[in-house]
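These notes are about the structure you will find just below.
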Amino acid sequence: MVFETHLYSWSGIGTLKLKEIWSKQPLNRICANSIRGLDQRAGFLTTGVNAVPLIMTEFGFDQTGSTVEDNRFLTCLQTYLVGRDLDWGLWAFHGSYYFREEQVQLDESFGVVDATWHNLRYPNFTDKFQLLQRKNQGDHFLLLVKLFPSKLWSHTIFDIAENHSQM
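Anchor point for the sequence shown: position 94 equals 141 in our numbering, and the numbering is continuous, going up by one each time.
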């Protein structure tokens with residue numbers, strides 16, 4: 048059994064529910080409070096005699112301009128993930144939705160790729176995630192995402208998965 052958890056800068060830890068808290072309090076204080084809250088909610092599962100695997104299945108940041116709040120949150124969270132050697136998943140890869148909120152091609156500002164699915168939305172994306180991409184402790188399952196030729200961007204994820212051996 049593997050447990051999972053989600054966290055965003057606006058998720059709220061205890062009574063702290065504002066994204067802006069990341070720029071209104073000293074980073075060491077808000078980060079310590081956030082980590083304490085995360086440990087109380089989920090991190091405790093990885094410690095003790097009955098420890099179980101935990102994966103941070105969803106976190107992310109607005110990749111259109113990377114706010115101060117998102118940068119501070121991301122630094123804190125990456126430190127936590129590396130320190131606890133947790134595996135993770137980022138929201139989201141896609142740059143737009145086919146249909147969402149009654150709109151066609153709605154932009155996903157948290158997407159790794161832009162709305163055309165041809166370019167990284169945030170040019171420094173790979174630099175920002177270097178620390179998390181390293182192997183830190185034990186053996187890990189590593190999922191690599193390859194930016195496929197543009198002719199495949201219009202295909203669904205299932206089509207890409209079915210066609211990966213042809214690339």
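By construction, the Cβ of each residue, glycine as well, lies at the ideal position given by its N, Cα and C atoms.
Coil, strand or helix - residue i by DSSP
i, result
"residue 86", "helix"
"residue 92", "helix"
"residue 101", "strand"
"residue 74", "helix"
"residue 57", "coil"
"residue 193", "Low per-residue confidence applies at residue 193: pLDDT is 37, beneath 50, and the placement is therefore not dependable, though the value from the model is reported in the following sentence. Looking at residue 193 - three-state DSSP - the assignment turns out to be coil, as it is neither helix nor strand."
Run of the beta strand (DSSP E) containing residue i, from where it starts to where it stops
i, result
"residue 51", "50-53"
Close Cβ partners of residue i (< 6 Å) along its chain, the five nearest in sequence each way excluded
i, result
"residue 66", "56, 57 and 116"
"residue 108", "117 and 121"
"residue 137", "107"
"residue 74", "119"
Close-in-space but distant-in-sequence residues of the same chain around residue i (CB under 7 Å, 5 per side omitted)
i, result
"residue 111", "156 and 168"
"residue 153", "143, 144 and 147"
Please determine if the segment 77-84 and the segment 122-133 are in contact, where contact requires at least 3 C-beta pairs separated by less than 8 Å.
yes
Where in the segment 106-182 do unbroken runs of the beta strand (DSSP E), each at least 3 residues long, occur, reported from the N-terminal end onward?
134-137, 143-147 and 150-154
Please determine if the segment 87-107 and the segment 141-148 are in contact, where contact requires at least 3 C-beta pairs separated by less than 8 Å.
no
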